[in-house]
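First the structure, in the form of structure tokens, and then the observations on it.
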Amino acid sequence: MDFVKNGLLFSKNTINTMFGNTEPWQIASITASSILTSIWLWNFLVQDESFYVRTKKFAFTQIKKIPKIAQKIEEETKQISDTFENDVIENTKSEKYIVKLPVKGIPSDEIINTVNRYLDLGKYKWKEGYISGAVYYYDEKLIELLTTVYGLASYTNPLHSDIFPGICKMEAEVVRVVGDLFHGGSNVCGTMTSGGTESIIMACKAYRDYGKNERGIKNGVILAPKSVHPAFDKAASYFAIRINHIDLDPENLTVNLKKMENAITKNTILLVGSFPNFPYGTSDDIEGISNLGLKYNIPVHVDCCLGGFIAAFMPLAGYSLPPFDFILPGVTSISADSHKYGFAPKGSSIILYSDKKFRHHQYYVCTEWPGGHYGSPTIGGSRSGGIIAACWATLMHFGLDGYVASTKAIIKTKTYIEEELRKMNDIFIFGTPTTSVVAIGSNSFNIYRLSDALNSRGWNLNMLQFPMGIHICVTHLHTKPGVASLFIEDIKKELDEIMKNPKVELTGKIAMYGMSATLPDRTIVGDITRYFIDAMYYTPS
Ligand SMILES: *Cc1c(COP(=O)(O)O)cnc(C)c1O
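Right under this line is the structure:
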């Protein structure tokens, strides 16, 4: 789920009822006269700026405990939750919901028709390149091959390696081949996973246990840039690891190495860098992080989930890059998503280690189960052999030449977009985009307005916070003639429009975005996100 990316379609009414012209922190004290007392209390509290800063969190917790306010917040969040549901209802209104298992099975042709109709729901023309990232390649010939391969392997399961040795061979070959792409030596090893998040979660788990078992660190801490993917926070949350986020250098949006070094303690189990990060598409100084890893004897993970399958081919496509992979002696693991620029169907990623001593700590083993000795490499028990086979087939079918060609086309398109954007007044590009993500900001107007305007022209971009921006993740779908130039033309037109009146207030759904980026009470933002996820599971009552 991508809260920032998927449109939060708030009605203007909701926004105005909820927030009007009040400051965000005043949400808790909206309207009801019976809560005047608390407003008085609040005003008293905020008289002193620094006192305000120090106590706002505490005050929020206390104020939200006042029953009337709690009730008001609940009413408002209910309204937001309804808005999310209404969006889902609107998007799916042409299809009725199935809420009970059909008594008689539905015939194949009807199933196919229904699937086609379901897949037609949604307003974005993603096959024509109107979206950022999400779908990295779309070709019906490739899909035909992959569905055949998936079909052949669809009932296999690498958990039963004795029954399906061929599936295990495919997984081993994928790991080996990708390890080679990242200059892994003869010891390079790893596993396939279900996606980038699982690759990262597995690496964090491996380093937690490596730290505990090999280095005696009981309460390990991960040091990661502020721009790192939330999968690291998810791992920290699932596995009770502490994570310390290191500031970025504001001018280039890459991690501040000095601050990372200063944050190292005897409990540090892992240093992380992204090549590149998702929000701004900028890359941390991996060589610098690798050197810190060597200096302090701490493992280093490079998150290449997004850029791996482009960065590995860029030198061959004629674009030079700083070293970022196992060429650097301090780098001990890399995550790379085959289901992004590897162009494999969704559900596969690779986690690689420089040495087998790390991978052992990723595995789970249970020796006391009545069902036998149990061991599995990743979170899943049973896994999809079909997905492994389809990923294997994608890699083999493209080959080195295929990936170099697609990388050339994608980087050329990204470079065109970046250069055209740099020519425009009133917007700027964040740092140096390393691979395929170009992030835009503005000092003249609220950049979310540009995103909103482009949205009404059918474009679906990603919205960023801290600092505020929007980005486009250029995929193979944008390399089709006319797509990138249409994007640039649409930006020019909307930019002209915005600059006629650069300082107007945000309205509608972007008002919500603008606000949630500045809302000091993050628990409210968290709750809103939970309602957003709830809405994904909407069925009529
Ligand atoms: C996409 C991404 C991930 C997580 O991958 P999923 O496949 O969505 O789980 C991790 N890091 C970066 C930089 C990414 O872009």
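Here the numbering used here runs 1014 ahead of the position in the sequence shown, where the first position is 1.
The beta carbon of each residue, even a glycine, is placed where N, CA and C say it ideally should be.
Values in this document were obtained by computation on a predicted structure and should not be read as measured data.
Within the same chain, show all residues whose beta-carbon is closer than 6 Å to that of residue i, passing over the 5 residues directly before and after it, in chain order.
| i | result |
| --- | --- |
| Phe1074 | Asp1535 |
| Ser1304 | Val1314, Leu1342, Gly1344 and Val1345 |
| Gly1356 | Phe1323 |
| Val1235 | Arg1256, Asn1258, Asn1281 and Thr1282 |
| Ala1250 | Ile1257 |
| Ile1044 | With a pLDDT of only 43 at Ile1044, under the threshold of 50, the placement of this residue in the model should not be trusted, and no figure is reported. |
Provide the residue span of the alpha helix (DSSP H) that contains residue i, from first to last.
| i | result |
| --- | --- |
| Tyr1430 | Gly1399 to Lys1437 |
| Tyr1224 | Gly1210 to Arg1229 |
| Leu1237 | Run containing Leu1237: none in the alpha helix (DSSP H); it sits in the beta strand (DSSP E), Val1235 to Pro1239. |
| Val1452 | Premise fails: Val1452 lies in the beta strand (DSSP E), Val1451 to Gly1455, not in any alpha helix (DSSP H). |
| Asn1130 | Ser1122 to Leu1133 |
| Leu1195 | Pro1179 to Leu1195 |
| Gly1522 | Gly1522 to Thr1532 |
| Ile1324 | Gly1322 to Ala1325 |
| Asp1466 | Tyr1462 to Ser1470 |
| Leu1330 | Met1328 to Ala1331 |
Pick helix, strand or coil for residue i, following the three-state DSSP scheme.
| i | result |
| --- | --- |
| Ile1041 | At Ile1041 the pLDDT is 43, less than 50, meaning the model places this residue with poor confidence; the figure from the coordinates comes in the next sentence. DSSP places Ile1041 in helix when its eight states are reduced to three. |
| Asp1504 | helix |
| Met1477 | strand |
| Asn1305 | helix |
| Tyr1556 | Only positions 1015 to 1555 of the chain appear in this structure, which leaves residue 1556 out of reach. |
| Asp1016 | Confidence is the limiting factor: at Asp1016 the pLDDT is only 37, short of 50, which leaves the residue's position unreliable, though a coordinate-based value still follows. Coil. |
| Ile1145 | strand |
| Asp1101 | helix |
| His1259 | strand |
| Phe1357 | coil |
| Gly1252 | For clarity, residue 1252 is Tyr in the given sequence; the question names Gly instead. The answer is helix: DSSP assigns Tyr1252 an H, G or I state. |
| Leu1491 | helix |
| Ser1458 | coil |
| Leu1285 | strand |
Can the beta-carbon of residue i be found less than 8 Å from the beta-carbon of residue j?
| i | j | result |
| --- | --- | --- |
| Leu1320 | Asp1351 | yes |
| Arg1397 | Pro1172 | yes |
| Thr1421 | Ala1331 | yes |
| Ser1390 | Ser1213 | no |
| Thr1106 | Leu1133 | no |
| Gly1528 | Asn1460 | yes |
| Ala1453 | Glu1508 | no |
| Ser1208 | Gly1361 | yes |
| Ile1393 | Ile1215 | yes |
| Thr1211 | Ala1254 | no |
| Met1274 | Leu1306 | yes |
| Leu1491 | Val1149 | yes |
| Leu1335 | Ala1277 | no |
Take residue i and list the residues in its own chain whose beta-carbon comes closer than 7 Å to its own, dropping the five residues that flank it on each side.
| i | result |
| --- | --- |
| Ala1326 | Leu1195 and Phe1196 |
| Phe1444 | Leu1267, Tyr1294, Thr1296, Ala1453, Gly1455 and Gly1483 |
| Asn1233 | Arg1256 and Asn1281 |
| Ser1241 | Leu1262, Leu1267, Ser1288, Asn1291, Pro1293 and Tyr1294 |
Should residue i be flagged as near chain D, meaning a C-beta pair shorter than 8 Å?
| i | result |
| --- | --- |
| Lys1079 | The displayed structure is made up of one protein chain only, and chain D is not part of it. |
Grab the span of the beta strand (DSSP E) containing residue i for me, first residue to last.
| i | result |
| --- | --- |
| Ile1348 | Val1345 to Ala1350 |
| Gly1540 | Where Gly1540 is concerned, there is no enclosing beta strand (DSSP E), although the alpha helix (DSSP H) it sits in stretches over Arg1536 to Met1550. |
| Tyr1367 | Ser1363 to Tyr1367 |
For residue i, which residues of its own chain have a beta-carbon under 8 Å away from its beta-carbon, when the five flanking residues on both sides are left out?
| i | result |
| --- | --- |
| Lys982 | Lying before the first or after the last residue shown, residue 982 is absent from the chain, which here runs from 1015 to 1555. |
| Ser1108 | Arg1131 and Leu1135 |
Query raised in the report: How do the region 1511-1525 and the region 1485-1494 stand: do at least 3 beta-carbon pairs fall below 8 Å, yes or no?
Result: No, they do not touch.
**Report entry** Three or more C-beta pairs below 8 Å linking the region 1135-1149 and the region 1491-1511
**Finding:** Remark: three or more beta-carbon pairs, one from each stretch, lie closer than 8 Å, so the region 1135-1149 and the region 1491-1511 are flagged as touching.
Query raised in the report: Are the region 1402-1409 and the region 1180-1188 touching, with three or more C-beta to C-beta distances below 8 Å?
Result: The region 1402-1409 is in contact with the region 1180-1188.
Requested in this report: Pair every Cβ in the region 1371-1387 with every Cβ in the region 1212-1227, then say whether three or more of these pairs are closer than 8 Å.
Outcome: They touch, by the three-pair rule.
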